[in-house]
Every structure is written in C-alpha cells, then in structure tokens.
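The structure appears below as structure tokens.
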Amino acid sequence: MESLIGLLGQNTSDSVPTAELQSAGPNPGARLMASETVKSMWKMMVINIEGNAENKEKERSPVEGIQHNLKQQEHQLDHLVSNNRELKGLKDRINHVYDDLVRRSEMELQASLRHVEQLREKYSQELASLGQENKAKQDEIKKFEEENTSLFEGCVKLETEIKRLEDEVKRKDQSYIQSIINQQISRC
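For the sequence shown, full-length UniProt numbering begins at 1 and goes up steadily by one.
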C-alpha cells in the first residue's frame, strides 16, 4: 500500500491524482490505474486511511475526549446557572410588579368602597328626607281630599236646597199666576 501511495503521491483530498497518472505515459499499468475502478479503489483507500487516523487519534486520547466533554458540560452548566440567575431575577421583578399591582388595586378598591359607602349614606339620607316630604305631601293631599269631599257634599246640599227653592218658587209663581188668573176671571 505504501508503494501505491508513493507512486500516486500523498493526496489528502477526495480527488484522484489524475495528472500524475497521466504523466506516467503509455504504461499499461498507469492506464489501468486511470480507470474508474482504480479511482473508486483510491477513494476507498483514502477514506480508510482517514478512518484509521481518526481511530488512532481516538485510541490515543480517550482522556482528552472525556476532558473535552467535561469542559462542554461545565460550559453548559455555567450557561444554565447564568440562565437560572437571570430567571430568578426576572421572577423577583415579576413578583415585585405583581405585588405593587395587587397593593395598588387593593388601595383603589378600598377608595372605591369608601366612596360607594359615602354615596350610599348620602342617598339614604336624601331618600329618608324625600320619604318625609312624600309623607307630608300625602297627608296634605289626604287633607285636601277630605276638604274636597266635604265641599262636594256641601255643594250637593246646596244644589238640593236650590232645587227645592226653585221648585217652591215655581209653585208659588204658579199659585200666584193662578190667583191672578182667578182674579181676572172673577172680575170678568
């Protein structure tokens, strides 16, 4: 394999060193190496060599891998601790704002309740005053109704009396007229 690498040269890329193969000239072996099969073999060999190098690196430094993982985990832990601190600070600020809002809401609610209580007392007093005025007006209306009933009864009595007097005047008039007619008849 080393002789093949020496023939082809060191190539760490994925490409096949075709320029070196073509410069080999009319050699039948070089033409064979330029074929697709050789190209595929070359790629597989490069991949195999790279894989072997990685495996050797892994075998050489399992401690380094563990240390690298530990460093990554420490970095993640630091990041999580920092995020946790930020979240606790944010939670404290939210709690502070919430407490302020609750306190302010309670104060506003108490002020509203005091105002409502004052209005209730004021309107209760006004309602009581209006109730007294209403009772006085009702008593006055009742008094006027009684007076009105009394006046109406008096009017009915007067009308009855007037009718009686009218009837009496009519009778007397008729009797007077009759007496005049009788006198006139008796004179004749």
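Don't be surprised by glycine CBs; every beta carbon is placed ideally from N, CA and C.
Here the structure is a predicted model, which is why all the values come from computation and not from measurement.
Exposed unless 16 or more other CB atoms sit within 10 angstroms - verdict on residue i
i, result
"H79", "exposed"
Closer than 8 Å to chain B by CB, residue i
i, result
"E108", "Among the chains in the structure shown there is no chain B, since it carries only a single protein chain."
Three-way DSSP call (helix, strand, coil) for residue i in this model
i, result
"K170", "helix"
"L21", "Because L21 sits at a pLDDT of 47, beneath the cut-off of 50, its placement in the model cannot be relied upon, and the following sentence gives the value as read from the coordinates. If DSSP states are grouped into helix, strand and coil, L21 belongs with the helices."
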